[in-house]
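In my numbering, the protein residues as written are 1 to 248.
Idealized CB from N, CA, C, for every residue including glycine.
Computed from a predicted model, the values in this text were never measured in an experiment.
To start, the structure itself, in structure tokens.
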Amino acid sequence: MSGGPRTAIIGGSGFQRLPGFEAWRRENKATPFGEVSDAPAFGRLAGRDWVFLRRHGAEHRIPPHRINYRANIWALKDAGVERIIAFAAVGAIDAGLAVSRIVIPNQIIDYTWGRAHTFFDGQPGEPGGLKHIDFSRPYSEALRGQIMAAANQAGVHAAPAAVYAVTQGPRLESAAEIDRLERAGADIVGMTGMPEAALARELDIEYATIAIVVNPAAGRGRGTIDMGEIAGHLEAGAGKALAIIANL
Ligand code: HPA
1 MSGGPRTAII
11 GGSGFQRLPG
21 FEAWRRENKA
31 TPFGEVSDAP
41 AFGRLAGRDW
51 VFLRRHGAEH
61 RIPPHRINYR
71 ANIWALKDAG
81 VERIIAFAAV
91 GAIDAGLAVS
101 RIVIPNQIID
111 YTWGRAHTFF
121 DGQPGEPGGL
131 KHIDFSRPYS
141 EALRGQIMAA
151 ANQAGVHAAP
161 AAVYAVTQGP
171 RLESAAEIDR
181 LERAGADIVG
191 MTGMPEAALA
201 RELDIEYATI
211 AIVVNPAAGR
221 GRGTIDMGEI
231 AGHLEAGAGK
241 ALAIIANL
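Structure below.
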């Protein structure tokens with residue numbers, strides 16, 4: 001294990017670069033699970049050391065269902081990371097969550113399929129054996145608490161809990177699918193929360209998500225979902241997410 005930073009940020013859509021982040025080193029190491037989305041960058045932001053990984057790759061080309069989540073999480077563990085703060089752009093199902101709002105989810109419903117979703121798959125090179133992780137509380141409550149405290153300090157009005165429905169993508173949902181997710185208890189919807197959170201738990205890495213609402217979910221806004229509008233809300237939300245990181 002290296003003596004490097006112990007906390008990683010996984011940047012999603014809108015975080016191809018972290019403003020203010022100065023990388024001193026990038027490390028592209030092979031993993032037993034194939035290629036990482038991008039070489040993890042080791043550097044400094046707001047007076048602290050971090051590892052930064054771009055979930056969708058350097059040029060934002062890898063769609064949610066093709067991300068090698070196992071390689072990404074493995075590479076961070078291998079770099080000595082003990083906790084991960086994952087950024088995520090999401091749609092709002094709960095009408096109380098406006099665009100550019102920050103949400104710290106506390107629960108997950110996984111609707112993804114066909115993604116390599118476990119390190120305990122009975123294959124050579126894996127950490128070994130059969131393991132059923134506890135996932136009752138899918139996020140680290142300690143890390144969620146620290147993020148909420150930092151949000152308060154930064155004056156960012158973050159929603160302290162939400163159920164995150166993770167869909168397969170890359171298409172957005174139908175209005176009826178969103179109604180169904182709401183009946184299931186979901187407040188926000190995105191495409192990358194799983195299997196990332198479970199893989200982190202499998203390797204005993206503390207994991208929490210800072211979600212940014214970038215659109216009302218399908219059927220909840222006016223008309224269709226506009227990618228140009230999403231980009232604008234993402235930028236507004238990203239500023240708040242970074243303010244939280246600076247106060248963490
Ligand atoms: N649905 C799924 N994923 C998303 C959305 C959405 O509305 N917005 C951002 N990511």
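Chain order is used for the residues whose beta-carbon lies nearer than 6 angstroms to a heavy atom of the ligand HPA, namely A89, V90, G91, T167, L172, E173, V189, G190, M191, V214, N215 and A217.
Using a Cβ distance threshold of 8 angstroms, I93 and D187 count as a contacting pair. When only Cα atoms are considered, I104 and A211 end up about 6 angstroms apart. Ranked by Cα distance from H56, the first of A75, V36 and G47 is V36. By the Cβ neighbour-count rule, F33 is buried, with 16 or more other Cβ atoms within 10 Å of its own.
Taking a 10 Å sphere around the C-beta of N72, we find 16 or more other C-beta atoms and assign the residue as buried. Cβ neighbours of I133 within its own chain (closer than 8 angstroms, five residues either side excluded): A198, R201 and E202.
By a beta-carbon distance limit of 8 angstroms, R83 does not contact A159. Their separation comes to about 21 angstroms.
For R180, the enclosing alpha helix (DSSP H) has its first and last residue at A175 to A184.
Contact fails between the stretch 221-240 and the stretch 112-122, because fewer than three Cβ pairs, one in each stretch, are under 8 angstroms apart. Around the C-beta of R17, fewer than 16 other C-beta atoms lie within 10 Å, and the residue is accordingly described as exposed.
Of all alpha-carbon atoms in G96, G169 and F52, the one lying nearest the alpha-carbon of A161 is that of G96. If you compare the alpha carbons of Y139, K77 and R115 with that of N106, the shortest gap goes to Y139.
For A211, the pairing in a beta bridge is given by DSSP as A88 and V103.
Between P40 and G4, the alpha-carbon positions lie close to 12 angstroms from each other. For G145, the enclosing alpha helix (DSSP H) stretches over residues E141 to A154. For W24, no alpha helix (DSSP H) segment is defined; the enclosing uninterrupted segment is the beta strand (DSSP E) at E22 to R26. Nearest neighbour of Y164 by Cα position, chosen from I108, F52 and V81, turns out to be I108. Beyond the five residues adjoining it in sequence on each side, F21 comes within less than 8 angstroms, by CB distance, of A41, G43, R44, L45, W50 and F52 in the same chain, given in chain order. Shown here, A159 sits in a strand according to DSSP, grouped into three states.
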